[in-house]
Amino acid sequence: MATPSPIKLNLPSPEEYRKRKVALISGITGQDGSYLAELLLEKGYEVHGIIRRSSSFNTNRLQHLYVDQHERPNKFKLHYGDLSDSTNLVYILAQVLPTELYNLGAQSHVKVSFEMAEYTADVDGIGTLRLLDAIRTVGLEKHVRFYQASTSELYGKVVETPQSETTPFYPRSPYGVAKLYAYWIVVNYREAYGMYACNGILFNHESPRRGRTFVTRKISRAVADIHLGKQHCLYLGNLGAQRDWGHAKDYVEGMWLILQQSAPEDFVLATGETHPVREYVEKAFAVVGITIKWRNSGIQEEGYDAKTDRVLVKVDSQYFRPAEVDLLLGDPTKAERLLGWKRRVNFDQLVHEMVTADLQASRSLIEDQN
Ligand code: NDP
Ligand code: GDR
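Residue 335 in the working numbering is what sits at position 331 of the sequence shown, and the numbering runs on without skipping anything.
Here it is as structure tokens:
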């Protein structure tokens, strides 16, 4: 028999409760969190987010949404919290009483996870369990719908392509392994306690809001800065890795759709196309009119400007990973069929938008400095 919830709040029936539209987002300060918050506010939700206390400002991506409650009562509220702090999660849940909970919070950098493996396991793996248990602790397991930010990194070593909901997992990093635990604990709580809990297995998605150390943003920023004479060369790791890259805005819409189905299920969101890092580099430089050609310098591959012969891209082995995911290519058929989801932005548009945004940002910075 399922263990009863230790705390019973005086709640209406699940049907009555879900007439409200209240979302709680962990990881709201991140790329996806900011787009999801925008989407849900547009849809009339009251949106609550969990933010970490930081000595420096960490809500840049949310600035345009934030209105001081003293100035004007509004539907957007932030709460201090952390996925490593169970008591705090229980407290936030009991206070917010969400109808939908999106668990996007994570140490999300694959390379960093090799350096911070235990922390990554704690936040990305056990953090998910803490949230699920917090839901049960306050007796919301039949009231709240739970979205878990699962990832194509679960597939890791290539077993088959394209990768779908039925492809076996073989993670290749502490991040992937932590997310594997999270994936299965979501499935387990769904089956054990009848919770509406779903995994969105999302392939890489990017945007001008992407963190600066992920490869696409690192490239788009470097192209802008090289074009404006602020940087000489771009140093990268594995140029041959292939990714299925989409736009974050399209993917947060998929997250919401996953929680609107009559029954909880897991879905892959992907574009169905794959591109090597090298191609991203070529397309990004093309936006500023530079044609990149490749040659082997004797030690390693380098990219040079076909017109001037100037070397603009070099390989630095410090960016290699102890174990790499060589090829990701997703099959979004299930999401397209059951959710009616389809990505809108294609690869070329994504690269163009990111480089253009970084050019604009870099130019503004120069103007501010003058
Ligand atoms: P980001 O790295 O941009 O954002 C991560 C968020 O998690 C930030 O808000 C961060 O807060 C927060 N966070 C980190 N550690 C903790 C913690 N201990 N407690 C609470 N919050 C924490 O990631 P994305 O927006 O790109 O991704 C969102 C989620 O989706 C992540 O779980 C990621 O692993 C997953 N994912 C992402 C994909 C992608 O291509 N973007 C693909 C598949 C899955 P802070 O700002 O303070 O650092
Ligand atoms: P990934 O994204 O590991 O796929 O995880 P990232 O952009 O970091 O790497 C993509 C590929 O590019 C190669 N690469 C480099 N990567 C980085 N960061 N920096 C470099 O200089 C560089 N040079 C080459 C990498 O080796 C890799 O093969 C992202 C994250 O958002 C995860 O949270 C998410 O789960 C997955 O996408 C799906």
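Beta carbons: idealized from backbone N, C-alpha and C, even for Gly.
- For LEU66, same chain residues with a beta-carbon under 7 Å away, outside a window of 5 residues either side, are ILE32, THR33, SER38, ALA41 in chain order.
- ASP335 places its beta carbon 8 Å or farther from that of ALA252.
- Taking C-alpha positions only, ALA290 is separated from HIS209 by approximately 21 Å.
- Under the DSSP definition of a beta bridge, ALA267 lacks any partner.
- Rounded to the nearest angstrom, the Cβ distance from SER366 to ALA228 is 4 Å, consistent with a contact under 8 Å.
- By the criterion of a C-beta distance shorter than 7 Å, GLY180 is surrounded in its chain by GLU157, LEU158, GLY160, once the five residues flanking it on both sides are discounted.
- Excluding residues up to 5 positions away in sequence, ALA138, VAL142 lie with their Cβ nearer than 6 Å to the Cβ of LEU97 in the same chain.
- When only Cα atoms are considered, GLU306 and GLU286 end up about 12 Å apart.
- Within the region 192-254, the complete alpha helix (DSSP H) runs of at least 4 residues fall at 219-231.
- Here LYS25 is near THR103, since their CB atoms are less than 8 Å apart.
- In the structure shown, PHE80 falls within a strand segment according to DSSP collapsed to helix, strand and coil.
- Residue pairing of ASP309 in beta bridges, as defined by DSSP: ILE296.
- A distance below 8 Å separates the beta carbons of ARG194 and ALA201.
- Just so you know, the alpha carbons of ILE189 and GLY241 end up roughly 33 Å apart.
- For PHE207 against GLY250, the beta-carbon gap comes to about 7 Å, under 8 Å, which counts as contact.
- DSSP places ALA288 outside any beta strand (DSSP E); the residue lies instead in the alpha helix (DSSP H), whose first and last residues are 281-291.
- At a Cβ-Cβ threshold of 8 Å, VAL114 and LEU87 do not count as neighbours.
- Taking C-beta atoms as the reference points, ILE205 and ASP270 count as a pair closer than 8 Å.
- A straight line joining the alpha-carbon of THR170 with that of HIS83 spans about 37 Å.
- Set against 7 Å, the gap from the CB of THR155 to the closest heavy atom of the ligand NDP is smaller.
- In the three-state scheme derived from DSSP, where H, G and I count as helix and E and B as strand, ALA274 is classed as coil.
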